[in-house]
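Residue numbers (our numbering), protein chains in the order written: chain A, 1 to 111; chain B, 112 to 283.
Here's what the structure looks like:
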């Protein structure tokens with residue numbers, strides 16, 4: 001498949017994530033939109049690693065060019081898992097204090 | 112149109128439609144379930160690109176662990192359709208239009224990028240996505256970041272417990 005198809009698909013998913021952050025006020029949905037953006041980036045990283053590998057693959061079938069990008073995806077998943085656990089703890093704390101998941105309540109952090 | 116292309120278009124359409132449904136759904140539980148569909152579609156893309164390790168890790172970590180955590184939180188909070196806070200129609204319209212403008216600009220840029228349009232993604236061949244290749248590089252070249260990520264997990268675990276504690280216990 002051409003790399004431009006993957007680019008357009010990943011950017012479409014990323015844009016849906018951005019729109020989700022802009023239009024929803026439910027903190028959980030906003031958080032899920034951020035996960036969607038992370039996954040779009042992961043998909044693009046894997047596609048680029050396979051594109052980079054395709055150039056070397058024709059000459060050397062056993063080359064490992066492009067492995068680093070897939071490990072970056074692995075580390076992004078690690079960081080995403082950490083981020084989710086802390087972020088959901090913050091949302092639970094927000095809900096316990098305000099009995100709502102409205103992100104506009106977070107304005108009160110400044111007082 | 113061969114089989115790989117048919118699967119590609121099916122998975123792409125599934126991912127985009129499910130991602131839109133995440134935002135459109137009024138009930139947060141349906142949003143979580145649609146997001147799981149997105150993750151399955153993306154895992155399908157990984158399998159299509161022969162990145163088997165990442166496909167399995169994506170399913171286990173995202174669809175298995177993270178989304179179950181989301182479901183727990185949604186059910187714990189008892190957020191239903193009536194209490195769901197909504198933005199005004201004007202703000203929604205502005206968000207969708209600005210997102211559409213961003214997407215339009217990026218797609219026109221991709222169309223103009225001459226070098227990208229000649230490159231192809233290697234679909235089924237290559238062994239860089241296999242667990243053997245990735246494991247060798249992970250434990251040889253990326254050993255220090257791997258160990259540091261375990262400390263990151265430990266700190267996140269402690270942080271989540273400290274944040275999630277009841278206020279009264281902290282005051283005591």
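Every residue gets a Cβ at the ideal spot worked out from N, C-alpha and C, and that includes glycine.
{"Item": "Could one say the Cβ of residue 92 of chain A lies closer than 8 Å to chain B's Cβ atoms, at least one of them?", "Value": "yes"}
{"Item": "Inspect the beta-carbon positions of residue 36 of chain A and residue 149 of chain B and report whether they are closer than 8 Å.", "Value": "yes"}
{"Item": "What does residue 59 of chain A reach in chain B if we use C-beta pairs closer than 8 Å?", "Value": "Those do not exist, as residue 59 of chain A stays about 13 Å from chain B at its closest Cβ, beyond 8 Å."}
{"Item": "What residues from the segment 213 to 235 of chain B come within 7 Å of chain A, judged by C-beta to C-beta, listed N to C?", "Value": "213, 214, 217, 218, 221, 227, 228, 230, 231, 232, 233 and 234"}
{"Item": "Alpha carbon to alpha carbon, what distance is there between residue 102 of chain A and residue 127 of chain B?", "Value": "26 Å"}
{"Item": "Under 8 Å between C-beta atoms, does residue 130 of chain B make it to chain A?", "Value": "yes"}
{"Item": "Since I believe residue 32 of chain A is in contact with residue 181 of chain B (beta carbons under 8 Å), could you give me their beta-carbon distance rounded to a whole number of angstroms?", "Value": "7 Å"}
{"Item": "Cα separation between residue 139 of chain B and residue 263 of chain B?", "Value": "29 Å"}
{"Item": "Step through the CB atoms of chain A and report whether any lies within less than 8 Å of the CB of residue 264 of chain B.", "Value": "yes"}
{"Item": "So, do the segment 85 to 92 of chain A and the segment 119 to 137 of chain B have three or more beta carbon pairs nearer to each other than 8 Å?", "Value": "no"}
{"Item": "Of all the residues that make up the segment 238 to 250 of chain B, which are near chain A by a beta-carbon distance shorter than 9 Å?", "Value": "238, 239, 240, 244, 245, 247, 248 and 249"}
{"Item": "Unbroken beta strand (DSSP E) runs of length 3 or more, entirely within the segment 37 to 90 of chain A: which are they?", "Value": "none"}
{"Item": "Can you check which of these residues, B:223, B:237, B:160 and B:257, is closest to residue 113 of chain A by C-alpha distance?", "Value": "What is shown of chain A runs 1 to 111, which leaves residue 113 of chain A out entirely."}
{"Item": "Are residue 152 of chain B and residue 129 of chain B closer than 8 Å when you measure CB to CB?", "Value": "yes"}
{"Item": "Could you pull out every residue in the same chain whose Cβ sits closer than 7 Å to the Cβ of residue 185 of chain B, ignoring the five residues on either side in sequence?", "Value": "139, 140 and 143"}
{"Item": "Between residue 15 of chain A and residue 29 of chain A, what straight-line distance do the alpha-carbon atoms span, to the nearest angstrom?", "Value": "15 Å"}
{"Item": "For residue 96 of chain A, which of helix, strand or coil comes out of DSSP?", "Value": "helix"}
{"Item": "Return the Cβ separation of residue 7 of chain A and residue 221 of chain B in integer angstroms, given the expectation that the two are a contact with Cβ distance under 8 Å.", "Value": "5 Å"}
{"Item": "So, do the segment 228 to 246 of chain B and the segment 55 to 70 of chain A have three or more beta carbon pairs nearer to each other than 8 Å?", "Value": "yes"}
{"Item": "Identify whether residue 283 of chain B lies in helix, strand or coil by the three-state DSSP scheme.", "Value": "Confidence at residue 283 of chain B is low in this model, with a pLDDT of 46, below 50, so the placement of that residue should be treated as unreliable; the coordinate-derived value is given next. Three-state DSSP puts residue 283 of chain B in coil, outside helix and strand."}
{"Item": "Counting only Cβ pairs nearer than 8 Å, list the residues of chain B close to residue 29 of chain A.", "Value": "133, 134, 139 and 142"}
{"Item": "Counting only Cβ pairs nearer than 9 Å, list the residues of chain B close to residue 98 of chain A.", "Value": "Near residue 98 of chain A there are no residues of chain B at all, since even the closest Cβ is about 11 Å away, more than 9 Å."}
{"Item": "Whose C-beta lies closer than 8 Å to the C-beta of residue 250 of chain B among residues of the same chain, with five residues either side of it excluded?", "Value": "257"}
{"Item": "Compute the Euclidean distance between the alpha carbons of residue 42 of chain A and residue 77 of chain A, then round it to the nearest angstrom.", "Value": "9 Å"}
{"Item": "Since residue 4 of chain A and residue 227 of chain B should fall inside the 8 Å C-beta cutoff, what is the C-beta to C-beta distance between them, to a whole number of angstroms?", "Value": "6 Å"}
{"Item": "Taking C-beta pairs closer than 8 Å, name the residues in chain B that residue 37 of chain A reaches, listed in chain order.", "Value": "Within 8 Å Cβ-Cβ: nothing; residue 37 of chain A doesn't reach chain B, min ~10 Å."}
{"Item": "Does DSSP put residue 26 of chain A in a helix, in a strand, or in coil?", "Value": "strand"}
{"Item": "Just to make sure I have the definition right: I need the residues of chain B whose C-beta is within less than 9 Å of the C-beta of residue 7 of chain A. Which are they?", "Value": "217, 218, 221, 224 and 227"}
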